[in-house]
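Heads up, the thing below is written out as structure tokens.
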Amino acid sequence: MDLGLAGKTAIVTGAGSGIGAAIATRLCTEGASVAVVDINQAAAEAQAARLRESGGRALAIAADVIDEAAVTAMVAQVVAHFGGVHILVNNAGFTRDMRITKMSVDDWDAVVDVIVKGAFLCTRAVIAHFIEQKWGRIVNISSRAYLGNPGQANYSAAKAGVIGLTRAMSLETGKSFVTVNAVAPGIIDTPLVRSLPHFEKVRENAERTTPIPRMGQPEDVADAVAFLVSERAGYVSGDVLHVTGGRY
Ligand code: NAD
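The numbering used here numbers the first residue of the sequence shown as -10 and each following residue consecutively.
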């Protein structure tokens, strides 16, 4: 299936690692130009270099998605470098897990800000381009955790928030043929998950309880995103695609 991504330009946030890096790779392979955006400059540069070495068109940009000025400058740089922007994948995020009795306001703000405010700022920065060209794709990386996980009050609330943002934006932008969807991954084998002190238990649990008995791979999420941002998904909007091995 030709996804029709040749000639399109994508911004992928948090693309220096894990799921974002896999999404950037997949979109590049499909012929899109990709801005590899990450707060970790070295990681962004390394990933963009890998993509260019494989023949792709990629630009590394170091930016914090909750810094309004940095986000505005990032989008301006993408448009200046590639001549436009057509796709945004809001992927940057992290966890800070603990029971709510131990959760500080900073623990709450850090997680909710990067996931919800980051997606809001990046969306707002690209949306005029998408509306003007009457074509655009936004995919927000939520999580199965939006259903609620103990020890993840901040993260679950943020990932549910991203789905609300997705639905509201899809209603605002549909008339301009801009689609907005969310992808809700289950447990995916990335540096974020491997850094958990109980990683082996997480892996064992995923293999035992997931209908498809393995952890997800970043490429599983990238495949779902590639479809949603493609020409083939022009009538899919406001939806949540679960990539959970059936554990939903
Ligand atoms: P990861 O830690 O491997 O990668 C996340 C990247 O985001 C890192 O490179 C990091 O530097 C970057 N980042 C963090 N804060 C940023 C900021 N303020 N501005 C710009 N970049 C920033 O994590 P991952 O597992 O690949 O997760 C990617 C996304 O997928 C996150 O939103 C996460 O919540 C979501 N997710 C992950 C899983 C999983 O099991 N791994 C499951 C569901 C959802």
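Positions of the beta carbon are idealized from the N, C-alpha and C atoms, including for glycine.
Is any non-hydrogen atom of ligand 1 found closer than 8 Å to the C-beta of residue i, if you look at the structure I gave you?
i, result
"Phe188", "no"
"Arg15", "no"
"Phe109", "no"
"Ser219", "no"
"Ala149", "no"
"Val103", "yes"
"Tyr237", "no"
"Thr155", "no"
"Tyr224", "no"
"Thr112", "no"
"Ser159", "no"
"Ser132", "yes"
Tell me which residue opens and which closes the beta strand (DSSP E) that residue i is part of.
i, result
"Ala49", "Arg46 to Ala51"
Drop a sphere of 10 angstroms on the beta-carbon of residue i, count the other beta-carbons inside from all chains shown, and report buried for 16 or more, exposed for fewer.
i, result
"Asn29", "exposed"
"Leu16", "buried"
"Leu110", "buried"
"Met63", "buried"
"Asp27", "buried"
In the DSSP output, what is residue i paired with across the bridge?
i, result
"Thr168", "Arg126"
"Ala24", "Ile0 and Leu48"
"Gln141", "Met87"
"Leu77", "Ile0 and Ile127"
"Gly205", "Ile177"
Near residue i, what residues of its chain come up, given a Cβ to Cβ distance below 6 Å and the 5 sequence neighbours on each side ignored?
i, result
"Thr155", "Asn129, Val169 and Ala171"
"Ala59", "Ala52 and Asp53"
"Gly235", "Pro200 and Ile201"
For the alpha helix (DSSP H) containing residue i, list its first residue and its last residue.
i, result
"His70", "Glu57 to Phe71"
"Leu230", "First-last for Leu230: Val229 to Val232, but that is the beta strand (DSSP E), not the alpha helix (DSSP H)."
"Ile8", "Gly7 to Thr18"
"Asn29", "Premise fails: Asn29 is in no alpha helix (DSSP H) and is neither H nor E."
"Arg197", "Phe188 to Thr198"
"Val101", "Val94 to Val101"
Among the residues of its own chain, which have a CB less than 8 Å from the CB of residue i, if the five just before and after it don't count?
i, result
"Gly140", "Asp86, Met87 and Arg88"
Closer than 7 Å by C-beta to residue i: which residues in its own chain qualify, once you throw out the five before and the five after it? Chain order, please.
i, result
"Glu220", "Leu(-8) and Gly(-7)"
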